[in-house]
Amino acid sequence: MATETIEISIGGMTCASCAARIERKLNKLEGVEASVNYATEKARVTFPGDLSPADLVKVVEDTGYTAELPAPPVEHAVQVEEDPTRSLRQRLITSVVLSVPVIALAMVPALQFTYWQWLSLALAGPVVVWGAWPFHKAAWTNLRHGAATMDTLISVGVGAAFLWSLYALFLGTAGTPGMTHGFSLTIERMSGAGNIYLEVAAGVTTFILAGRYFEARSKRRAGAALKALLELGAKDVAVLRDGREFRISTSDLRVGDRFVVRPGEKIATDGVIEEGSSAVDAGMLTGESVPVEVGVGDAVVGATVNAGGRLVVRATRVGADTQLAQMAKLVEEAQSGKAEVQRLADRVSAVFVPIVIALAVGTLGFWLGTGNGVGAAFTAAVAVLIIACPCALGLATPTALLVGTGRGAQLGILIKGPEVLESTRRVDTVVLDKTGTVTTGQMSLISVHTAEGENEQEVLRLAGALEHASEHPIAKAIAKAAGDVPAVEEFQNLEGLGVQGVVGEHAVLVGRERLLAEWSVRLDSGLAEAKKAAEDQGRTAVIVAWDGKARGVLVVADTVKPTSVEAIQGLRALGLRPVLLTGDNEAAARTVAREVGIDEVIAEVLPADKVDVVKRLQDEGRVVAMVGDGVNDAAALAQADLGLAMGTGTDVAIEASDLTLVRGDLRAAVDAIRLSRRTLATIKGNLFWAFAYNVAALPLAALGLLNPMIAGAAMAFSSVFVVSNSLRLRGFRSVSG
């Protein structure tokens, strides 16, 4: 049966156990696969054709939360984004203003005037009722659906402290004029009838509201990279219709439209240059700092900036098909996924709340049973409820993923999903496709060898004149190196041999030795030696002759990218063993490998056999990463434990990979693995501190060694710590500076 995938926005989630509950309910539906992300507040759901999106929304709403389907794009509409932190900020500010006097009065006996307890009640009441209202509301909703979440713990803890204080004030001895009590971080034996916990009720509410506020603000900042990516594109464009320019919205552009890009303007969409030449700055999309020279026939990408002359571009991809849209889609999908470590945290969070409530009841019973006062038992139980909220657990992975994938997008690294992070840790071998990955994939003139008495510039000038008329890649390399060349007469392209023609007064031959043999032209010993040395290195030797004599040998080869040596060193520094894989001959491969510092070479491999090479390495027990850019690399990229596609390559290769490197610089592969490992380490660090915090704090609370207000502050701090730790990933720097 055909399936569809949809992303649903979910409201009302307050912790990881909420996300786990919704996920469980959705996955109970037959054929449904759902992943709910607490940090992004979205559910990614794959469902069969016999279900409708409305059915999925109903399940979420029946669980006690709100759900919204993605809205259809509205053209030309100005979207005003509501600040989700505004309501929290208002509650927090009010609670801080009212709570500070309550906490000061409770902690400093010198401030406790005759009726201080009643002032405390008047100040704490609005905090507990209005300030903590989101917790009470969520707890009630969950109770109606037979569930308990972090809000249940907070609501019960705060409510219990407040109700006990009311009991002590109205029915106990706490309301007596002149009553005083000290503040202690530990439990003392007491009856509890004269003890009030208004500072606990108000303080815990304020600390947790503060934690929620900073968490919400940090979550917005964490997702800012994706938002910035989506906003990179140009908003309007000067399109050419019947030779005249019209300014239209980029959303109205169609494939085939011709549009003008002036110096300093953003290129509106992906296309091909039809008129003009310029330099294009792709830094905001790829992280590259140097603008790239482009001319007629070159492809350009939407959202890059025209740094030079006027261009006329024909649109080839628009809307959701553009590279920018595809990048944003990849980043969003990665952020909505879950790493294996997070699934463990979700399972723990789902059972944690009922266990904590049972532990709080057990703590209350234990303290009462051992003859301690009701107040002592009550204080310990409330501390257990409040300290145990598993909020940090739920934020550990999503926030690190949000920041890590967002930072990657800014540097031109697209991580397909959280599971990719796990792979980067285990990889020990990196297989590099030679052409287009380690090398430029374009032929260049390496050297010119001349016969005795000949001028190097003259040899190149005459050869370039003939090659200028040819379309062959080797010919283009020679013509480009020659620069301005004279006109050619009687030009002939001899298939498989070379070219011939008349330049000025000279009858010129450029090509293989066989072409010269047909004209009875021989190489002298010096040129023959230069030709053999070039071929021994796997390079192409092109012979130039005129007027019946061989004048020079031009050596042409696919050149190594200037950054490849540094990239190989970077890969070795990460503990990876580089392997060069190519269909070229052994000599050419060895030459390139020597140049960049690779010891292991697998050459003369047919495109179809690249998969077998990767399999063979895996059978030897190696965990293999593959870096490639062509259609013939796609199967090998998919087979590898970690596939990295150069974004300068084909769509097929990009689709088959786990990581896409938007810029064609091999150092981006080093950055990608470094960033992935750093993100995974951040996730693990977050989870460790979240678990360690709960494991260490719960016994202290149960033993009565933790005041509930301190517990509330510590709980709020743990969440803020996890989010702040994740935000450190925003400072990740590329090896290329």
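Positions 2 to 738 (the working numbering) are the ones given, in order, by the sequence shown. Glycine residues also receive a C-beta, built at the ideal position from the N, C-alpha and C atoms.
Among the options, the one whose alpha carbon lies nearest that of residue i
i       : options                            : result
Ala-431 : Ala-568, Trp-141, Ala-316          : Reading off the sequence shown, one finds Val at residue 431, where the question assumed Ala. The option with the nearest alpha carbon to Val-431 is Ala-568.
Asp-548 : Arg-540, Arg-245, Ala-529, Gly-505 : Gly-505
Phe-48  : Ile-7, Glu-69, Ser-18              : Ile-7
Gly-497 : Pro-487, Ile-475, Lys-481, Ile-479 : Ile-475
Val-663 : Leu-325, Leu-112, Gly-234, Arg-617 : Leu-325
His-382 : Leu-199, Leu-360, Glu-5            : For the record, residue 382 in the displayed sequence is Ala; it is not His. Checking every option, the nearest Cα to that of Ala-382 belongs to Leu-360.
Leu-122 : Phe-163, Trp-141, Leu-93, Gln-91   : Phe-163
Leu-89  : Val-301, Pro-110, Phe-215, Glu-420 : Phe-215
Leu-422 : Ser-719, Val-46, Thr-95, Lys-685   : Lys-685
Ala-269 : Ser-278, Ala-280, Ile-249          : Ile-249
Leu-180 : Ala-107, Leu-676, Ile-416, Pro-127 : It should be pointed out that residue 180 corresponds to Met in this sequence rather than to Leu. Comparing Cα positions, the closest option is Ala-107.
Arg-552 : Val-460, Ser-565, Glu-490          : Val-460
Arg-668 : Asp-485, Lys-533, Arg-617, Ile-414 : Ile-414
Val-723 : Gly-512, Phe-692, Ile-711          : Phe-692
Leu-701 : Ala-594, Ile-274, Val-385          : Val-385
Phe-718 : Tyr-66, Ala-534, Ser-10, Ile-387   : Ile-387
Nearest-angstrom Cα separation, counted from residue j out to residue i
i       : j       : result
Ala-3   : Ala-637 : 28 Å
Thr-15  : His-137 : 12 Å
Tyr-39  : Ile-599 : 44 Å
Ile-23  : Ser-445 : 59 Å
Ser-192 : Val-130 : For Ser-192, the predicted structure reports a pLDDT of 43, less than 50, and the residue's modelled location is therefore unreliable. A value from the coordinates is still provided. Answer to the nearest angstrom: the Cα atoms are 27 Å apart.
Gly-176 : Gln-118 : 7 Å
Ala-740 : Gly-465 : This structure gives no information on residue 740, because the portion of the chain shown stretches from 2 to 738.
Trp-134 : Asp-152 : 10 Å
His-77  : Ser-252 : Residue placement at His-77 is poorly supported in this model, since its pLDDT is 40, which falls under 50; the coordinates are not used for a value here.
Trp-368 : Ala-105 : 28 Å
Ala-703 : Gln-619 : 51 Å
Asn-494 : Arg-731 : 56 Å
Ala-822 : Asp-282 : No answer is possible for residue 822: the residues shown for the chain start at 2 and end at 738.
Glu-294 : Ser-737 : 20 Å
Val-81  : Gly-405 : Summary for Val-81: the model assigns pLDDT 43, below 50, so the residue's position carries little reliability; its value from the coordinates is reported in the next sentence. Each residue's alpha carbon lies about 27 Å from the other.
Ile-603 : Val-543 : 27 Å
Pro-178 : Arg-213 : 37 Å
Glu-69  : Glu-5   : 17 Å
Ser-677 : Thr-425 : 7 Å
Gln-640 : Val-33  : 27 Å
Trp-690 : Asp-634 : 41 Å
Gly-50  : Glu-31  : 11 Å
Arg-679 : Asp-666 : 20 Å
Glu-266 : Ser-278 : 14 Å
Pro-487 : Glu-246 : 39 Å
Lys-43  : Ile-447 : 55 Å
Ala-377 : Asn-708 : 10 Å
Val-273 : Ala-482 : 25 Å
Extent of the continuous alpha helix (DSSP H) run through residue i
i       : result
Val-58  : 54 to 63
Gly-465 : 457 to 468
Thr-95  : 87 to 108
Met-151 : 151 to 171
Ala-626 : Unbroken run through Ala-626 is the beta strand (DSSP E), 625 to 629; no alpha helix (DSSP H).
Leu-136 : In the sequence on display, residue 136 carries Phe and not Leu. From DSSP, the alpha helix (DSSP H) with Phe-136 extends over 134 to 145.
Ser-424 : 420 to 427
Thr-380 : 375 to 388
Delimiting residues of the beta strand (DSSP E) encompassing residue i
i       : result
Met-14  : Run containing Met-14: none; DSSP gives neither H nor E here.
Pro-127 : Element bounds for Pro-127: not the beta strand (DSSP E) but the alpha helix (DSSP H), 117 to 127.
Phe-48  : 43 to 49
Thr-661 : 660 to 662
Leu-415 : 414 to 416
Asp-771 : In this structure the chain extends from 2 to 738, so residue 771 is not present and cannot be described.
Ile-447 : 440 to 451
Phe-492 : 490 to 495
Gly-320 : Note, Gly-320: premise wrong, no beta strand (DSSP E); not H, not E.
beta-carbon residue i near the ligand COA non-hydrogen atom, thresh 7 Å
i       : result
Lys-435 : Although the ligand COA was asked about, the structure shown includes no ligands whatsoever.
### Message
Which runs of the beta strand (DSSP E) at least 3 residues long sit entirely within the segment 526 to 561? Give them in chain order.
### Response
541 to 547, 550 to 561
### Message
When you compare the segment 506 to 523 with the segment 556 to 568, are there three or more beta-carbon pairs, one atom per stretch, that lie closer than 8 Å?
### Response
no
### Message
For the segment 156 to 167 against the segment 52 to 60, do three or more pairs of beta-carbon atoms, one drawn from each stretch, fall closer than 8 Å, so that the two count as touching?
### Response
no
#### Entry: Touch test, the segment 575 to 591 against the segment 519 to 529, Cβ-Cβ under 8 Å, three pairs minimum
no
### Message
Extract the residue ranges of the beta strand (DSSP E) inside the segment 242 to 311, only unbroken runs of 3 or more that lie entirely within it.
### Response
245 to 250, 259 to 262, 271 to 276, 279 to 282, 293 to 295
### Task
Report yes or no: do three or more beta-carbon pairs, one from the segment 309 to 328 and one from the segment 254 to 271, lie closer than 8 Å?
yes
### Query
With contact counted as at least three CB pairs below 8 Å, one residue from each stretch, are the segment 577 to 597 and the segment 432 to 441 in contact?
yes
### Task
Can you check the segment 573 to 644 for any alpha helix (DSSP H) of at least 4 residues that lies completely inside it and give the ranges in chain order?
587 to 597, 611 to 620, 635 to 640
### Query
Just checking, does the segment 202 to 211 make contact with the segment 95 to 103 on the three C-beta pairs under 8 Å criterion?
yes
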